[in-house]
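If you're matching positions, the sequence shown starts at 100 in the numbering used here and goes up one per residue. We put the CB at the ideal spot given by N, CA and C, even for glycine.
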Amino acid sequence: MAKAHGFIQEFKKFLSRGNVMDLAVGIIIGTAFTAIVKSLVNDIIMPLIGAIIGGVNFTHLRIIIRKATVERPELALTYGNFLQNVIDFLIIAFVVFMIVRTFNSLREKLEKAKKQEEAAAAAAVPVAEPVVPADIVLLTEIRDLLQKKESV
Numbered sequence: 100m101a102k103a104h105g106f107i108q109e110f111k112k113f114l115s116r117g118n119v120m121d122l123a124v125g126i127i128i129g130t131a132f133t134a135i136v137k138s139l140v141n142d143i144i145m146p147l148i149g150a151i152i153g154g155v156n157f158t159h160l161r162i163i164i165r166k167a168t169v170e171r172p173e174l175a176l177t178y179g180n181f182l183q184n185v186i187d188f189l190i191i192a193f194v195v196f197m198i199v200r201t202f203n204s205l206r207e208k209l210e211k212a213k214k215q216e217e218a219a220a221a222a223a224v225p226v227a228e229p230v231v232p233a234d235i236v237l238l239t240e241i242r243d244l245l246q247k248k249e250s251v
């Protein structure tokens with residue numbers, strides 16, 4: 100029983116690190132985003148493209164290799180579905196690129212601002228002159244007086 104409890108504690112610690120939770124949130128958002136992009140492509144973009152090129156429904160585009168017979172079904176390359184999937188991919192890749200680009204740009208700006216702030220803080224700190232102990236000051240004065248006496 101102690102092993103099971105230790106395993107559960109270790110698993111909780113693993114989950115609480117944050118990376119797993121970030122990954123889970125990313126997967127959920129990615130799944131929802133994929134559905135939105137598929138709908139955008141299938142319901143808006145492809146019908147518009149089809150209307151522009153003559154009312155073609157891309158899902159029906161295919162090259163028939165062998166016509167259907169009573170014994171065998173039709174054999175065809177359905178490249179229309181492939182085109183839709185390529186467009187899905189390109190839209191998703193573009194959006195992810197824009198998100199990453201924006202994130203990197205913001206991160207660079209924050210790092211630059213932080214470096215400028217650190218440089219300003221370093222410049223604002225007054226440089227303290229070293230404190231010379233009193234006995235050293237006294238010895239320096241005695242030396243200077245002796246040097247004056249010798250030069251006279």
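Between the options, which has its C-alpha nearest residue i's C-alpha?
i: Phe181; options: Met145, Leu245, Asn118; result: Met145
i: His159; options: Thr177, Val224, Lys248, Met197; result: Thr177
Is it buried or exposed, residue i, if we count other Cβ atoms within 10 angstroms and call 16 or more buried?
i: Gln108; result: exposed
i: Gln215; result: exposed
Return the chain-ordered list of same chain residues with a C-beta closer than 7 Å to the C-beta of residue i, the five sequence neighbours on each side being excluded.
i: Ala175; result: Arg161, Ile162, Ile163, Ile164
i: Gln246; result: none
How far does the alpha helix (DSSP H) with residue i in it reach, from first residue to last?
i: Leu176; result: Leu176 -> not in any alpha helix (DSSP H); beta strand (DSSP E) instead, spanning 174–176.
i: Arg51; result: This structure cannot settle anything about residue 51, because the visible part of the chain is limited to 100 through 251.
Among the residues of its own chain, which have a CB less than 6 Å from the CB of residue i, if the five just before and after it don't count?
i: Asn156; result: Gly149
i: Val186; result: Reading off the sequence shown, one finds Ile at residue 186, where the question assumed Val. Taken in chain order, the residues that qualify are Val140.
With a threshold of 8 Å on Cβ separation, who are the neighbours of residue i within its own chain once the five nearest residues in sequence on each side are excluded?
i: Gly125; result: none
Hey, could you find the ends of the beta strand (DSSP E) residue i is sitting in?
i: Ile162; result: 162–165
Distance cutoff 8 Å, beta carbons only. Does residue i sit that close to anything in chain B?
i: Lys247; result: The displayed structure is made up of one protein chain only, and chain B is not part of it.
Are three or more beta carbon pairs between the stretch 198–211 and the stretch 135–154 nearer than 8 Å? no
Are at least three pairs of beta-carbons, each pair with one atom in the stretch 186–193 and one in the stretch 130–142, less than 8 Å apart? yes
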